[in-house]
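Right, one structure below, let's go through it.
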Amino acid sequence: MLHELIFVLSGFPSDVFIPFPSDDPCTFSINPDFPLLHPAERESLNRLGQLGWIYAKLNTFSVKQGAYAQAMATALEATLEEYRRDILDMERLLLDKTYDAGGGVVPISLLASSLGRWELLLPALLEFTKKFDACEYYGCKLLDLVLDEARTGNSDYRDVMHKVADRLHDVLYRQITSWMVYGNWTNDEFFITKSTTTGNNGTTTTATAGWQRRYGLALEQIPKHIPLALAESVLFVGKAVATVNQMGNNPMPDTMKQQHLQLLLSLRQQQQSLRQYDPLKQVVQQIRRSTADWLFSRVLTGEHSLQCYLESFRHMFLLGYGDLASNFIIACAEWRRRSLAKYPHDQHHKTTMIFRHQEFNALLAKASVGTEAEEQMDGYCVEIMQNNESTSSSLFSRLLLVDLSCTLHYDMRWPIDLFLSKEDLQCYSDLWTFMTGLRNVQMSLSDLWISLRHGPSNHEARAVCRLRSYMLFWVDTLWNHIQSNVITPHYQRLIQVITGAKRSSYTTTTATPAFEDLQAAHTQYLRNIMQGCLILTKDTAQIMYKALRMCQKFCAFVQELCHQEDWQRTKRRRTERTASDIVNEWAKPYESIENAHMEQIMKTEKEFSYITDRFFTLVSDAPQEIKANGSLDILLLQLDYNKWFSDNRIKSL
């Protein structure tokens, strides 16, 4: 009987302990036909049989393929090995008569008590394997399941889960080491993913251009105890190492790799730190700083220097190339007229949109011919945005083409994508959208003079000229302020920071490299410019958009008005007007003028005056940080040089 008990505890049935019930067994139970057993003895033996059944299930548990699943199975196998050793010890004690209570009798309660810890542990482990089979956790995400299970009051089960977590962390740290030191991507069990990009002709691209798209974060695979910022640091270092290895002309020094390897190996050797976040964070940050410093001093140099890229962005996105911007805006206006005439009814048809995309993208290259930007166009392209594309720049994206949204993109390539993020590039695109729209309105108002100078000299014409001058003053002041008082000083300050960082990198050996400081300085540079352009504040951005759209509608109205016969001047005045004639003509009241368009002109002037007053109030009430970064006090002084806005504001109060 004792041998049968040892046998069933090892997970094997017999004639005494049989699977029960027979149709769908869930335990090993004493054969109902087995005689001479007290009900209490039968119950105790059935409890031990249940323990053997659970062990058999755990012993035959097959895991899915994968390094993390195998590591988990190895940890569980180590626990089952402890159970088997306890069974062997029990068998040895039985053979040695240690459990003999006299007359060859061994109390069942003594056997059950020796396996007491397993009566709680094995059922919990079986439930854990069922959760593993049922859940969708895969790869390093299994750490979430294991660490959640470790939050229990069962100390034995908690210890086993900690051992499983240590095994899983060991696999994770091996993957992190392979990625951060050698740039080797292992498999999709890691929270780093590798994507295959395809070119326009359908072929797979493996060039370093667009390396940001080749590797990315699988957000659903990141364990909950690893912050997103830490995962991004791991991604950054590995991508940099992988790309440097692929380039081959400027490899990372072996001493640096060895240093990084030792840091990660020391982390793995600290068993207590495997489940802790702080040691991993410190090591990853140290490796990132070291890698970033080397990249800045060895890779972002020469024609790929950071200053060269920033200068290009300054000229392209922030309209530093004035002739390019003017040529492009003129080309867009002409293209829009041709496009409306060519596709009058099916502008949003798919085939039509494809042709319009191709035509529009060619305008930028044509506009650059004969300008300073002609040799600097590599990587830049303009695109028509679909109606469902919602970005932060969508508010101003229609100021250029009116009926279509457009933006400027730059295809980030090695090595500038080490420094810039997608968010930075989106900020540049948002600024280009706003600046181009503002410049387009400015040019439209300026070009009205060509039409107005040939018009009549009456009260209606003077009202149009007065409103145009008012609008142009506001737009000119805003444009000049942004270029002179916002973009230029902040750009010069950023260049000074970069130049100082380069000098310090050659003269000092400080442990804090300049790379991440420069990234922070560049991020602040973009934020300061966007604050100076007043597009980060929703109310101010909307009021500027209303003012600019009103200017565009006014320009369209005047152009239509100038084509009417009663507006065009047909002959010259034969007699010269005296000074008194001019004064009397300008002093005539508007009520005496009967003109169909006068009411609309006066309404537009009133609305524009209200909008600009509202704009002045919003800028005046802006937070001090925005005022300082955007030099808004200078803008207010320029707008209110004759106390027009401030007097109106005092009257309203």
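Under this note's numbering, think of the first position of the sequence shown as 6, with each following residue one higher.
Don't be surprised by glycine CBs; every beta carbon is placed ideally from N, CA and C.
No experiment lies behind these values; they were computed from the predicted model shown.
Under the three-state DSSP convention, the category residue i falls into
i	result
Gly327	helix
Thr84	helix
Lys135	helix
Cys667	There is no way to answer for residue 667, as the model of the chain reaches only from 6 to 658.
Glu599	Bear in mind that a pLDDT of 43 at Glu599, under 50, signals an unreliable position, so the number given afterwards is only what the model happens to contain. Correct three-state label for Glu599: coil.
Asn647	coil
Pro30	coil
Ile23	strand
Ile35	strand
Pro420	coil
Thr514	Low confidence applies here, because Thr514 scores a pLDDT of 45, under 50, leaving its location unreliable; read the following figure in that light. Here Thr514 sits in coil by DSSP.
Pro112	coil
Thr622	helix
Asp101	coil
Arg156	coil
Gly207	In this predicted model, Gly207 has a pLDDT of only 42, less than 50, meaning its place in the structure is not dependable; the value taken from the coordinates is given anyway. Here Gly207 sits in coil by DSSP.
Phe401	coil
Tyr550	helix
Ile292	helix
Phe686	Lying outside 6 to 658, the shown extent of the chain, residue 686 is not represented and no answer is given.
Pro18	coil
Leu477	helix
Ser636	coil
Ile606	helix
Residue from the options whose Cα sits closest to the Cα of residue i
i	options	result
His320	Gly537, Leu311, Arg361, Gln381	Gln381
Pro494	Gly635, Arg471, Thr306	Gly635
Cys411	Met390, Leu311, Leu285	Met390
Ala170	Met448, Asn366, Asp149, Thr441	Asp149
Cys560	Gly144, Trp479, Ser451	Ser451
Ser160	Val186, Cys140, Ser614, Leu126	Leu126
Asp91	Leu14, Glu388, Gln524, Thr65	Leu14
Trp479	Gln447, Ile455, Ala468	Gln447
Leu177	Glu87, Leu285, Val165, Leu120	Leu285
Lys244	Pro420, Val151, Asp29	Pro420
Lys62	Ala74, Ala76, Glu82	Glu82
Leu369	Arg361, Phe520, Asn445, Ala330	Ala330
Ala129	Tyr187, Leu56, Gln75	Leu56
Leu120	Lys136, Val151, Val111, Tyr88	Tyr88
Asp259	Tyr187, Thr306, Trp484	Tyr187
Ala546	Gly505, Phe137, Leu436, Arg341	Leu436
Tyr282	Phe318, His230, Met261	His230
Beta strand (DSSP E) segment containing residue i, residue limits
i	result
Glu388	385-390
Gly221	220-222
His414	410-415
Lys199	197-199
Range of the contiguous alpha helix (DSSP H) that encloses residue i
i	result
Thr260	259-274
Leu56	44-64
Glu9	7-14
Thr4	Nothing can be reported for residue 4: it is not among the residues displayed for the chain, which extend from 6 to 658.
Gly243	233-252
Tyr314	311-321
Arg444	427-457
Ala525	520-537
Proximal residues to residue i (C-beta, below 6 Å), its chain only, five neighbours per side dropped
i	result
Lys146	Gln226
Arg403	Ser410
Glu610	Leu472
Leu223	Here residue 223 turns out to be Ala, not Leu, going by the sequence shown. Excluding positions up to five away in sequence, the list reads Phe196, Thr198.
Gly71	Glu194
Asn490	Ser636, Ile639
Glu596	Below a pLDDT of 50, predicted positions are generally treated as unreliable, and Glu596, at 45, falls in that range; the measurement from the model is reported next regardless. Around Glu596: no qualifying Cβ.
Proximal residues to residue i (C-beta, below 7 Å), its chain only, five neighbours per side dropped
i	result
Val2	This structure does not reach residue 2, given that the chain is present from 6 up to 658, and the question cannot be answered.
Arg293	Ser238, Phe241, Val242
Asp544	Leu623
Tyr530	His495, Leu499
Gln526	A small correction: the amino acid at residue 526 is Ala; Gln does not occupy that position in the sequence shown. Result list for Ala526: Leu499, Val502, in chain order.
Arg273	Asp175, Tyr178
Supposed close pair residue i, residue j - CB separation, criterion 8 Å
i	j	result
Ile35	Met95	Their Cβ separation, rounded to whole angstroms, is 19 Å, which puts Ile35 and Met95 out of contact at 8 Å.
Met405	Gly375	Per the sequence shown, the amino acid found at residue 405 is Leu instead of Met. Going by Cβ atoms, the distance from Leu405 to Gly375 rounds to 21 Å, so no, they are not a contact pair.
Leu523	Val502	7 Å
Thr182	Leu266	7 Å
Phe322	Tyr496	About 11 Å separates the two Cβ atoms, so there is no contact after all.
Leu305	Thr482	Contact flag wrong, Cβ pair sits at about 38 Å.
Glu612	Met555	7 Å
8 Å Cβ shell around residue i - same chain, five flanking residues per side excluded
i	result
Gln291	Leu268
Glu46	Ile113
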